[in-house]
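Below is one structure, written out as structure tokens; the observations come after it.
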Amino acid sequence: MRYIPRRTFVLFLFATLVLAGLPASSRAQEPVNPDYLLPPQPGFPVALAGSGVMFASPTLADLDGNGQEETAIIGTDDGWVHAVRADNGTVLWSHNTGPDFHAREPGCRNAYTRIRSAPAVADLDGDGTQEVVVTVGDIPELHTSGGLIVLRSSDGSVYPGWPYLTEDYFGQDGNPALYPDGCADGFVTSPAVADLDGDGRLEVVASATDMRVYVWRLDGTLLPGWPRVTHDTMWSSPAIADLDNDGWPEVIIGSDSHTDPYFSSYNGGALWVFRRNGASLAGTPCYFDPGTPSGSNHTIQSSPAVVDLDQDGWLDVLIGTGPGSSPTPPRLYAFSGYALTHNSCGSVPGWPVSTNGYVASAPAVGDLEGNGSRDVVATTLNGWLYAWRPNGALLSGFPIRPSDHAGQPAGANLNSPVLGDLDGNGRQDIFFSFFWEVGIVRDNGRQHTSPGPWPDPYRPSLLTDWTINGIPALGNVDSDSSLEVFVGGTASGGNGARLYAWQISTTHTLNWPMFRQNPLHIAVYFTGGNDATLVSHTLPATLPPGGSQGVRVVMKNTGTSTWTPGNYRLCAPQGNAFGSFTCVDLTQSVAPGATATFNFTLTAPAGLGFYTNTWRMRQGSGGWFGDIAGDQTVVGNQPALYVLTTDPNRNGTIVYPGGIAPDLGQPRDRGIPPCTEYTVHVAPQAFRLTTDRRGYYMVFANDRVCWGGAALDVGGVAWPLEPRTIQDIAVWPGTVTYVTLDADGELRYASVPPPISLITTAPAPCGPMQTARSVALTPDGRGLYVMDARGCIYRSDRAPELPRLSNVPFADNSAKKLKLTPTGTGYYILDQYGRVWNGGDAPALTPRYSMASSDWARDFELTSGGRGYYLLAKDGSIWTGGAAPALTFNVPPTWPGQDVARDLELAYSIEEAGLAVPPPASLAFMRDLQGNTSGNVTLHLEGAGGQTMTWQASLSPNVSWLRLNAQSGTTPFDLVLSHGNLPSCSNPPCTFSTTFSLTVTDGYGQQYNYASAITLTVVEQMWRLFLPTANR
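For the sequence shown, my numbering gives the first residue as 12, with consecutive numbering after it.
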């Protein structure tokens, strides 16, 4: 369903509960006689900057690396984040996120932000110190900016690359469910962190009200394949776990849902499971009550918890159903991990279980019976606390409806539980917040805190000064053997943030001590045995054919078993293509908490291509466990690219892979390959790879879009009433949507269109847009540019203005394609002659081909580092420029003399290293009407590693139009190539050439020879001299 304010849910729910009445089996609670007092933690409560803490929850974390979770971190209602010494209440640092977000979104109505989440805390960059990850935002109609920010734990300063703002879809006054309000929609959920790509660094995962699940790297860039769209808002925080036992984690999330026949979705809620690359697990999403789709409108506000309930070796997923009008009762589900990973939404035996109220809480898991059981605890929106055995049977004494110290029964403010052993009896007790206090219920269902009247001489009360809705956190923070309880709150009168803490008892086992179980927030209950966390590795991303490299993999024993030599090894789950061995032995025993370092040598095979290079811990001949190290290693320097053609003799394909690219298959639509346009020979015009490079979208001349490979069906564009001359297509990060461009500059979106408005004026002297040719997205996907045939660039409202090229001859409408640099602060324009013009801060890139005098070039793609490019000519031939290696392996076919090729996509590329860096500026010789000329360029020669090298340079033949400032010398040296006497050209185009040669000798007498042709082409009274780059 579309966005519905949460307050609407609560009001609707309250009315429902009044009509339904309360269970008749409410039990009177027997008094419990505590044998200890409950003093406050010294230094608490702490007064904090900020208006109050209503929904935010504290996270306890070890910031100083001493093994003790000595710091409490919490956010406030107006965007402050505080780090507080949990043993004495000292505020270590405070940071106001409001200015960070408002600087990025000054048009948002309110300059402050809101935090209603629990921060995640982890060492994201591997430097031994922690980072603090905070989601920011609230319901959209409150008009505050939302997004995610990463802070340094040392002082609360902002980590480079942050904050990240979400999209703005909702919140406009009077229409909160449909229209943007100028403020990013943000988060009401908490983030989680995990290593999703096997590089030993943690990524950040979060689910937003803008209908997206995000995954970021530490630098604030999105992981390929993300974000993913769930087509509705999310109140559910993600869990991260390896459900299919392959060593790679899945992202598990609940989402609201609405009826959409195109996507076969129903009103209510759904459970989504995404693989690390953003692909949905087959068979998901799982819609609740699938047997009665017309009534399947239980929403999802619950956050999933993960545990192997039935001990079958597969992790299961617990999640509750929220408010709605379904004819079925509210339930807590336990989806079977085995079923989820085998194309089914089946449940663990005994589940789901019905409750007498909506389960909007996040379940917690622990041993309430003291027998090693995996018991499940959850609360309902009408104030009932439940506990079940793993088989779905209620524990004795449950459910219970707690009362506060004044005797008032709990209601909709009974929040998610946390678990810890209060008295050392080996059984977990239940802690929760409601009204103005923290309540405790024992493992047997008896209330430990006072149920009223108050003061109560028999039972303690943990009182705050104002209403609290956050979740408590438990821990021993001061090494004094006592258990402390922390919760955020507000000063009396409702103004002023506070952090409360009490000393409870002697510290014992804590199975689920905080919201989402631990500071990483992955929400997985681990019951012991084998486990391993990847610390670091040096597995190579690339190797030359037959090349060898020594590598190191460091694993930490995060389980409860000691690893012993001969029984535990590091092995390659899919075999080792880089040697005859598949396992590396331990050299000594590794106790829990210790690390093991494996050193070994890899030797690349002779064949070019992508090779799986993954390693994982193994016990004996089976028993794979823990994180995976590595991913893929590329052998050789060849790219992976695809060419789109209008080959009239298609022979089964119109997309040809080149280099080491795998075949992505035929295009399809609505799941039927091939698509109709493909079979009736409608000409394809453009295509784009998905951001994970595993699929593509192809637009045909009639504006129909088909897709191939792993590309998702994200909804088609609306077919126009009049024919369109299609020019280009662009795909958003995570394949959220795509946009097609026609010659009139009209943009048509699929699925959920991004909130983008195109500015139809460009810098002078362009004026109104003429024939549109190319569309390019900003790197963050928040804006776009449209270029017309004159090279004029028009931008959307959130795309920075790009400086126009000067003295560039596009008067003949020869501009073809626009590409941005990886940073988005520079750009390149390809014209029909094959010239690549640089703008902004983009450096000039030297072509390795001769310019054409007629319409010849069709498309080009920059290499991943932006220092080279591949160019597609109309006959299908592929050329290179800059540091891009020539394509020599699996070269696609060509059609000499024909105009067949249409588009080029680059899935993977490597850039060649060289003695000389690419020129900082192009050497363009220009002649004005008076014959004046100018231009020069510098090649910086420097030996690798700073070693001194001698060099000699020459031109053959020696020409008058090019000069060298020196012909020999030692490094470092700036070799300047400048123009001499430009030759005359009475009838352009004219071509002149010479060969530039460079011989370099290192300190050992080894010589390296470089030679490259230099071509001077005269086109339309412009001389452009392309210089070589030393590439070997």
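Ideal placement from N, C-alpha and C gives every residue a C-beta, glycine not left out. Quick caveat, the model's predicted, so the values are computed rather than measured.
Name, in chain order, the residues that DSSP records as bridge partners for residue i.
i: Phe445; result: Glu448
i: His548; result: Val564
i: Ile311; result: DSSP, once it has assigned bridges, lists no residue as partnering Ile311.
i: Ile160; result: Val145
i: Val911; result: Paired residue(s): none; Val911 is not in a bridge.
i: Met628; result: Leu581 and Phe636
i: Phe698; result: Met709
i: Gly431; result: Asp440
i: Ser785; result: Met798
i: Glu872; result: Tyr881
i: Val847; result: Leu841
i: Trp91; result: Asn107
i: Asp298; result: Reading off the sequence shown, one finds Tyr at residue 298, where the question assumed Asp. DSSP, once it has assigned bridges, lists Ala281 as partnering Tyr298.
i: Gly719; result: Tyr707
i: Pro471; result: According to DSSP, Pro471 bridges with nothing at all.
Please state if the CB of residue j and the CB of residue i are separated by a distance shorter than 8 Å.
i: Cys119; j: His93; result: no
i: Arg127; j: Val199; result: yes
i: Tyr369; j: Thr391; result: yes
i: Val498; j: Thr475; result: yes
i: Ile85; j: Val132; result: no
i: Pro650; j: Ser888; result: no
i: Gly876; j: Pro858; result: no
i: Ser201; j: Ala129; result: yes
i: Thr1055; j: Arg563; result: This structure does not reach residue 1055, given that the chain is present from 12 up to 1043, and the question cannot be answered.
i: Pro551; j: Thr644; result: yes
i: Asn568; j: Val601; result: yes
i: Pro249; j: Val240; result: no
From residue i to residue j, what distance separates their C-alpha atoms?
i: Phe443; j: Phe274; result: 39 Å
i: Lys827; j: Asp714; result: 19 Å
i: Ile330; j: Leu343; result: 6 Å
i: Ala800; j: Asn824; result: 4 Å
i: Asn480; j: Ser347; result: 31 Å
i: Arg759; j: Cys996; result: 46 Å
i: Ile1025; j: Val747; result: 44 Å
i: Asn256; j: Ala205; result: 16 Å
i: Ala754; j: Val710; result: 14 Å
i: Thr636; j: Gly435; result: The question names Thr, yet the displayed sequence has Phe at residue 636. The straight-line gap from Cα to Cα measures roughly 31 Å.
i: Asp378; j: Pro50; result: 27 Å
i: Gly719; j: Leu700; result: 9 Å
i: Gly211; j: Pro260; result: 13 Å
i: Lys830; j: Asp638; result: 38 Å
i: Ser503; j: Val64; result: 12 Å
By a C-beta neighbour count over all protein chains shown, 10 Å radius and 16 as the cutoff for buried, is residue i buried or exposed?
i: Pro695; result: buried
i: Ala927; result: Because Ala927 sits at a pLDDT of 37, beneath the cut-off of 50, its placement in the model cannot be relied upon, and the following sentence gives the value as read from the coordinates. Counting Cβ neighbours within 10 Å, Ala927 comes out buried, since at least 16 surround it.
i: Glu448; result: buried
i: Ala58; result: exposed
i: Phe4; result: Shown here, the chain extends from 12 to 1043; a query on residue 4 therefore has no answer.
i: Glu812; result: exposed
i: Pro56; result: buried
i: Leu1027; result: buried
i: Ser164; result: buried
i: Cys803; result: buried
i: Arg705; result: buried
i: Arg869; result: buried
i: Pro53; result: exposed
i: Asp138; result: exposed
i: Tyr175; result: buried
i: Tyr579; result: buried
With 8 Å as the threshold, decide whether the Cβ of residue i is near any Cβ in chain D.
i: Ala484; result: Absent here is chain D; the protein component of the structure consists of one chain.
At a cut-off of 7 Å, is residue i close to the ligand ADP when judged by its beta-carbon and the heavy atoms of the ligand?
i: Leu233; result: With respect to the ligand ADP, the structure shown offers nothing to examine, as it has no ligands at all.
- Message: Just to confirm the assignment: which complete beta strand (DSSP E) runs, minimum length 3, are found wholly within the region 793 to 832?
- Response: 795 to 799, 804 to 806 and 826 to 831
- Message: My parser needs the alpha helix (DSSP H) runs of 4 or more residues fully inside the region 325 to 406; what are they?
- Response: 348 to 351
- Task: Would you list, in sequence order, the uninterrupted alpha helix (DSSP H) runs of no fewer than 4 residues that lie entirely inside the region 238 to 289?
- Result: none
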